[in-house]
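So the structure is just underneath, and the comments pick up after that.
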Amino acid sequence: MRYPEAVFALELAYGARVPRIDQDRDARYSVNSDGTRAFVSRWEDPTHPDQDSFPQAIIDPRDGRLIAELDPQIRVHGVTTPGISASFSPDGSILALPSNETSIVHLYAAEDGAYIGEMKPSPEASGGKSIGYEAGFNQDGRLYARAYSVLRTTGIDIWDVRSRDLIHNFQTVSDKTTRQVPLGWDHEDGLIVQTTRSDPDRKIPDKIIIERWKTDGTKSALVSREGRKYDMDVTAFAYPETGLLFLAGEQGLEAVDMSTGQLRFSHPMIGPFAALARDAHAVVLRPRSLVQPDAFTVLDLDGNELAIRGNDAIPFMHDVFSPGGNRITMSTGLLQTTYAGAGAPQGLTLYERVWSEMSEAERRNISVERVPRP
Numbered sequence: 015m016r017y018p019e020a021v022f023a024l025e026l027a028y029g030a031r032v033p034r035i036d037q038d039r040d041a042r043y044s045v046n047s048d049g050t051r052a053f054v055s056r057w058e059d060p061t062h063p064d065q066d067s068f069p070q071a072i073i074d075p076r077d078g079r080l081i082a083e084l085d086p087q088i089r090v091h092g093v094t095t096p097g098i099s100a101s102f103s104p105d106g107s108i109l110a111l112p113s114n115e116t117s118i119v120h121l122y123a124a125e126d127g128a129y130i131g132e133m134k135p136s137p138e139a140s141g142g143k144s145i146g147y148e149a150g151f152n153q154d155g156r157l158y159a160r161a162y163s164v165l166r167t168t169g170i171d172i173w174d175v176r177s178r179d180l181i182h183n184f185q186t187v188s189d190k191t192t193r194q195v196p197l198g199w200d201h202e203d204g205l206i207v208q209t210t211r212s213d214p215d216r217k218i219p220d221k222i223i224i225e226r227w228k229t230d231g232t233k234s235a236l237v238s239r240e241g242r243k244y245d246m247d248v249t250a251f252a253y254p255e256t257g258l259l260f261l262a263g264e265q266g267l268e269a270v271d272m273s274t275g276q277l278r279f280s281h282p283m284i285g286p287f288a289a290l291a292r293d294a295h296a297v298v299l300r301p302r303s304l305v306q307p308d309a310f311t312v313l314d315l316d317g318n319e320l321a322i323r324g325n326d327a328i329p330f331m332h333d334v335f336s337p338g339g340n341r342i343t344m345s346t347g348l349l350q351t352t353y354a355g356a357g358a359p360q361g362l363t364l365y366e367r368v369w370s371e372m373s374e375a376e377r378r379n380i381s382v383e384r385v386p387r388p
């Protein structure tokens, strides 16, 4: 406790999930909410579909141990970024892996990788290869939503996860002037959907409307903005457990109340990434530029700045490295169920836990370099 910088480093090292896998190509990676399971596979390259193929697998990210290679393996070509990956349910027990080939969402048990079954899409989504956008699981994991774009048809499918039945389909608009995409779930099992309207001649600014869509067909406006820069630079983070929608843009971070659409608070920081911490009682902001872990900002849900702890930075620390030491993933802190360090020991307990898990040889090497306190 006399060395706060060392404690900070121990918190980061103990809570981060950074395994190594035997490949050097970019990989997709997701960590579940308690940090005991992770999904990993290579990032598909359509120009080299069979090169250095790493199987879709579930591993234990604490030690990189293989739990299971997924069976069946799912074709998911069309994924545009490693940050969009398979997602775990909020309790960490189920892995959902959607296919852009078929629009089917495949479910696996996170514990052992056993195949649970598939959630079949609406007829509109099953007409060919789709460009998918995962809204993922709702707050309690009962529902799962995925947006699709097949040919000129767009929409959002919602399934009951337990029965695997399709229970609702929203039709959306996607043409030269209007585009609608889900940003995530709200706190009442509705979806937060962004509509962007653009002038094809680019003579007037874009207009953005963010709404709550309920399955009974009702829609209520949350946010309305105009300005081309806002559309290009805004990133949304929907966290239903807080009742807040976070919008990060050139003007900084805005926290919008999901019930009323009112601004709860704003914080100056150009386009930050956001993640929850401290059992969803705080939000961590990371600038888009690479920074040291202690350059993060932590706010409570009223916008007050808090002193940062090592565990606060953990949502942004998850990565995979090759045996040669190359980083092959991007941070997956944008995923809502990413492990945030909950349950990690603190203070002297943390030190004793780390020390007890070291090998005898490691302890001897450390003891040789110890300097007695005067």
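For the sequence shown, the numbering used here gives the first residue as 15, with consecutive numbering after it. Glycine included, every Cβ here is placed at the ideal spot set by N, Cα and C. Please read these numbers as outputs of a predicted model, since none were measured by experiment.
Using only CA atoms, which one of the options lies nearest to residue i?
| i | options | result |
| --- | --- | --- |
| residue 150 | 142, 120, 166 | 120 |
| residue 320 | 292, 267, 343, 49 | 292 |
| residue 227 | 90, 220, 109, 236 | 236 |
| residue 69 | 83, 217, 17 | 83 |
| residue 197 | 35, 362, 258 | 258 |
| residue 264 | 253, 171, 284, 272 | 284 |
| residue 310 | 316, 287, 332 | 287 |
| residue 159 | 276, 17, 171 | 171 |
| residue 206 | 217, 191, 186 | 186 |
| residue 252 | 271, 266, 141 | 271 |
| residue 31 | 116, 374, 334 | 334 |
| residue 41 | 215, 362, 353, 343 | 343 |
| residue 49 | 374, 104, 268, 161 | 104 |
| residue 137 | 382, 17, 169 | 169 |
| residue 339 | 19, 20, 35, 27 | 35 |
| residue 341 | 28, 230, 134, 33 | 33 |
| residue 212 | 188, 232, 201, 231 | 188 |
| residue 260 | 220, 316, 240 | 316 |
| residue 90 | 297, 118, 214 | 118 |
| residue 77 | 27, 37, 38 | 27 |
Give the DSSP-derived three-state secondary structure of residue i in the structure shown.
| i | result |
| --- | --- |
| residue 392 | Look at the range of the chain in this structure, 15 to 388, and you will see that residue 392 is not part of it. |
| residue 377 | helix |
| residue 204 | coil |
| residue 19 | helix |
| residue 95 | Because residue 95 carries a pLDDT of 47, less than 50, the predicted location of this residue cannot be relied on, and the following value inherits that uncertainty. It is coil, neither helix nor strand. |
| residue 334 | coil |
| residue 118 | coil |
| residue 411 | Given a span of 15 to 388 for the chain in the structure shown, any question on residue 411 remains unanswerable. |
| residue 112 | strand |
| residue 196 | strand |
| residue 325 | helix |
| residue 314 | strand |
| residue 464 | Examination of residue 464 is not possible in this model, given that the chain is present from 15 through 388 alone. |
| residue 347 | For residue 347, the predicted model reports a pLDDT of 46, less than 50, meaning its position is unreliable; a value from the coordinates is still stated below. Of the three classes helix, strand and coil, the one that applies to residue 347 here is coil, per DSSP. |
| residue 262 | strand |
| residue 179 | strand |
| residue 463 | Within the shown structure, residues of the chain are numbered from 15 to 388, placing residue 463 beyond reach of any answer. |
| residue 124 | coil |
| residue 309 | helix |
| residue 267 | strand |
| residue 34 | strand |
| residue 185 | strand |
| residue 100 | coil |
| residue 166 | coil |
| residue 319 | strand |
| residue 145 | strand |
So residue i is in the beta strand (DSSP E); what residue range does that whole segment cover?
| i | result |
| --- | --- |
| residue 129 | 129-133 |
| residue 43 | 41-45 |
| residue 353 | Segment: none, residue 353 is in no beta strand (DSSP E) and carries neither H nor E. |
| residue 80 | 79-83 |
| residue 5 | Because the chain in this structure spans residues 15 to 388, residue 5 falls outside the shown range and cannot be described. |
| residue 291 | 287-291 |
| residue 155 | No beta strand (DSSP E) holds residue 155; DSSP gives it neither H nor E. |
| residue 225 | 221-227 |
| residue 235 | 233-240 |
| residue 71 | 71-74 |
| residue 279 | 277-281 |
Given a threshold of 16 other Cβ atoms within 10 Å of its Cβ, counted over all protein chains shown, does residue i qualify as buried or as exposed?
| i | result |
| --- | --- |
| residue 86 | exposed |
| residue 355 | buried |
| residue 55 | buried |
| residue 225 | buried |
| residue 380 | exposed |
| residue 268 | buried |
| residue 179 | exposed |
| residue 384 | exposed |
| residue 295 | exposed |
Starting from residue i, trace the alpha helix (DSSP H) both ways and give me its first and last residue.
| i | result |
| --- | --- |
| residue 366 | 361-370 |
Since residue i contacts residue j with CB under 8 Å, what's their CB separation in whole angstroms?
| i | j | result |
| --- | --- | --- |
| residue 25 | residue 358 | 7 Å |
| residue 254 | residue 173 | About 17 Å; that fails the 8 Å criterion. |
| residue 183 | residue 143 | Not quite, the Cβ-Cβ distance comes to about 19 Å (not below 8 Å), so this is no contact. |
| residue 124 | residue 72 | 6 Å |
| residue 4 | residue 101 | Look at the range of the chain in this structure, 15 to 388, and you will see that residue 4 is not part of it. |
| residue 88 | residue 111 | 5 Å |
| residue 210 | residue 193 | 5 Å |
So that I know if they touch, is there some Cβ in chain B lying closer than 7 Å to that of residue i?
| i | result |
| --- | --- |
| residue 27 | No chain B is part of this structure, which consists of one protein chain only. |
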